[in-house]
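Residues in the sequence shown are numbered from 1 upward in steps of one, following the UniProt record's numbering.
Yeah, the Cβ is synthetic: ideal placement off N, Cα and C, and Gly gets one too.
Nothing here was measured: the structure is a model prediction, and the numbers come from that model.
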Amino acid sequence: MSSTEVDIDYQKQTYAYVPCAEQQAGHQAEGPHPVIVVGAGPVGLATAIDLARHGVPVVLVDDDCTLSTGSRAICFAKRTLDIFDRLGCGDRMVDKGVRWHVGKVFLQDRQIYAFDLLPEAGHQRPAFINLQQYYVEGYLLDCARAMPNIDIRWKSRAVAVAQHPDHVALTIETPDGCYTLCGRYVVAADGSRSPLRKMLGQESHGHTFRDRFLIADVKMEAPFPAERWFWFDPPFHPNQSVLLHRQPDNVWRIDFQLGWDADPVAEKAPERVIPRVQALLGPDAKFELEWVSVYTFACVRMDSFRHGRVLFTGDAAHGVSPFGARGANSGVQDAENLAWKLAYVLQGKAPDSLLDTYASEREFAADENIRNSTRATDFITPKSAVSRVFRDAVLTLARDHAFARQLVNSGRLSVPAVLHDSALNTGDAAAAAFGGAMALGAACVDAPVADAAGKPWLLQHLGDEFVALVFGPPAGLDAAQAEALRVLQQGGIPLRVVFVTDAAISASAQAWPGATVLRDAEGLAANRYDARAGTCYLIRPDQHVCARWRGVDVAGIAVALARATGNAPASASLAPSAPVPAPALA
């Protein structure tokens, strides 16, 4: 958001219901819509925008005509910010949000340790921002409304679903009655209570935690830094835990653990909330209550995120405890994983089976999130005497011993899953040579670069298409390999070639007209990608690594590209062909 932009009160915005063509008498549909997205929350909006960027028309239906009330999800991780950048609204999110990367953990009234989530420079985005969910939804909605191939339909509730061999038929309830809406695929982004999930007879399985927490959004001017503060057994809230976060507009999020026996209705009353806040801030503190909620939580997921032509995302597919900010972040990552695959299937670039990898990859990610969230919750809220003794001993030792600090768990904060076992990856004979750098299935990391177009960050040059990321100048390829790479670019799968070099950009670009040539002036890109002269990565449209080589291998790229789009059998030969001699980086 620019300094001259006026904040919109997204909590007070309403959006008009408008009858659609299907409701008109005698309407003859040309065929099912390509995709229907159900739910205009962050995940549904991100899915719709990403599909539209790929050229897929989307119908987005929502049962309400407003955005979320209260701050709800507030912590958005660096990987999610990278996705928002690609969707076209990252700057607004970061400009409005509160940046942070330091967390502190306290036992009673004493700090026992601090951590830094982004200790190195050379990244465009911070480790996290705090931003109220209604701003996130509002900025995404502004982006979606500007796209001509997204049809947003408010006050349109899906009340029935029927699957057919070539489409899904939804019954949509509106103020004017019901009508049938047909789509080749349906994305269910309709939240943790997902009506679509129930209509299909599906359930989420897992563990519900017997505890309650109070969220108090407090508006005040306070001297606290923009850090994550977590207390175990603080003197102002003994035998429980408290979490403090700063949000924009001088709003602070405070989470108070209440215990399972707390009355969720009574605890939301101001006469209960205000004394708790005063105990933390002091009796003379000046503040206003913005929003209050009492919640319980569960770590659960559906057995499968795909059911025929209906694909489940976000809270509709999985749920975690709030410790670690893994809910909304994982949902946005669901959207990015699914959108390009749906687009490729609909555009004939990939078989329908590619969508099975959405389910398998994001189920794996959900299991990782659930595992981390469960461990954090078990540590924060021990449910047995033995667990409590262990937790308290760890916290006491952590004051003075580094080994114990590694055992303290106030929430392992969100990071993207490494999809190392994905069926879309192509194994490499040089795996040992890469060590731990940029593993197969990892999300790409950023680095500063220089280019002729004024885009100074590596991730700005990735995404939306497959990218062959080559470390070295175009002139380092011999004529035969360069021609083979150009021919591959003219195939049915869009492929861009990005060269990263420490040579002069102008001279390198002349060797390959139209190429994207980036200068790694600080050497951070080469360092983070463990790049030698000639190192090459194949990057998916969702910015995950699916293949890598120590020398440019055009035949290998072709095989890996086919595999990454589901166009090659898993048994296809993965043996690399002879790479070209490594081009010099300079």
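Check	Outcome
What residue from P119, Y15, Q163, F115 has the CA that sits closest to P32's CA?	Q163
Counting Cβ pairs closer than 8 angstroms, one from the region 161-180 and one from the region 99-111, do we hit at least three?	no
Please state the DSSP three-state secondary structure of H27.	coil
Might you give, ordered along the chain, the residues of its own chain that have their beta carbon closer than 7 angstroms to the beta carbon of Q278, omitting 5 neighbours on each side?	A285
What separation, rounded to the nearest whole angstrom, lies between the Cα atoms of L196 and V159?	8 angstroms
Using only CA atoms, which one of F434, P42, A114, A222 lies nearest to Q406?	A114
Exposed or buried, V580, counting other C-beta atoms within 10 Å across all chains shown (16 or more means buried)?	Per-residue confidence for V580 stands at a pLDDT of 38, beneath the threshold of 50, marking its modelled position as unreliable; the derived number appears in the next sentence. V580 comes out buried.
Can you tell me the Cβ-Cβ gap for H318 and L419, rounded? I've got them flagged as a contact below 8 angstroms.	Not confirmed; about 16 angstroms, so no contact.
Would you call the region 474-482 in contact with the region 95-104, where contact means no fewer than 3 C-beta pairs closer than 8 angstroms?	no
Where DSSP assigns a beta bridge to R153, which residues make up the other side?	V61
What are the boundary residues of the alpha helix (DSSP H) that A555 is part of?	554-564
Is it the case that the region 296-313 contacts the region 218-236, given that we only count it when at least three CB pairs across the two stretches are under 8 angstroms?	no
As a quick exercise: from Y529, A437, G556, D502, pick the residue whose alpha carbon is nearest that of Q481.	G556
Do A188 and V38 come within 7 angstroms of each other at the CB atom, strictly closer than that value?	yes
Three-state secondary structure (DSSP) at C143?	helix
With distance defined between alpha-carbon atoms, name the residue in V408, D400, Q347 nearest to S387.	V408
In this structure, how does DSSP classify L424 when only helix, strand and coil are distinguished?	coil
Quick one: grab the DSSP three-state call for A121.	coil
If I measure Cβ to Cβ from S373 and keep anything under 7 angstroms in the same chain, skipping five residues before and after, which residues do I get?	C299, V320, S321, F323, G324, R326
With which residues is G103 paired in a DSSP beta bridge?	F115, R228
Are the beta-carbon atoms of W340 and D542 separated by less than 7 angstroms?	yes
Which residues mark the beginning and the end of the alpha helix (DSSP H) in which P270 is found?	270-281
Give me the DSSP bridge partner(s) of E219.	In the sequence as displayed, the identity of residue 219 is Lys instead of Glu. In the DSSP output, where bridge partners are listed per residue, K219 has V251, E288.
Quick check: the Cα distance between P19 and D62, rounded to an integer number of angstroms?	13 angstroms
From D142, A262, P238, R519, pick the residue whose C-alpha is nearest to that of P448; which is it?	R519
Report the CB separation of Q240 from F230 in whole angstroms; it is logged as a contact under 8 angstroms.	Actually they are not in contact, since the Cβ atoms of Q240 and F230 sit about 12 angstroms apart, beyond 8 angstroms.
Count the other CB atoms within 10 Å of the CB of residue 590; is the residue buried (16 or more) or exposed (fewer)?	Nothing about residue 590 can be read from this structure; the chain reaches only from 1 to 586.
Can you tell me the Cβ-Cβ gap for L181 and E336, rounded? I've got them flagged as a contact below 8 angstroms.	Not confirmed; about 25 angstroms, so no contact.
Over what stretch of residues does the beta strand (DSSP E) that includes S204 continue unbroken?	204-208
Give every residue of the same chain whose Cβ lies closer than 6 angstroms to the Cβ of A582, excluding the five residues on either side of it in the sequence, and list them in chain order.	A caution first: A582 carries a pLDDT of 37, below 50, which makes its placement in the model unreliable, though a value can still be read off. A533, G534, G551, listed in sequence order.
Taking L244 as the reference, which of L281, I539, R210, D211 has the closest Cα?	L281
In this structure, does DSSP put G551 in helix, strand or coil?	coil
Give the DSSP bridge partners of S241, in chain order.	F232
CB R228 to CB A262, shorter than 7 angstroms?	no
Quick check on F471 - is its C-beta less than 7 angstroms from some C-beta in chain E?	Judged by its chain identifiers, the structure shown contains no chain E, having just a single protein chain.
Is the beta carbon of L280 within less than 6 angstroms of some heavy atom of the ligand MG?	The ligand MG is absent from the structure shown, which contains no ligand whatsoever.
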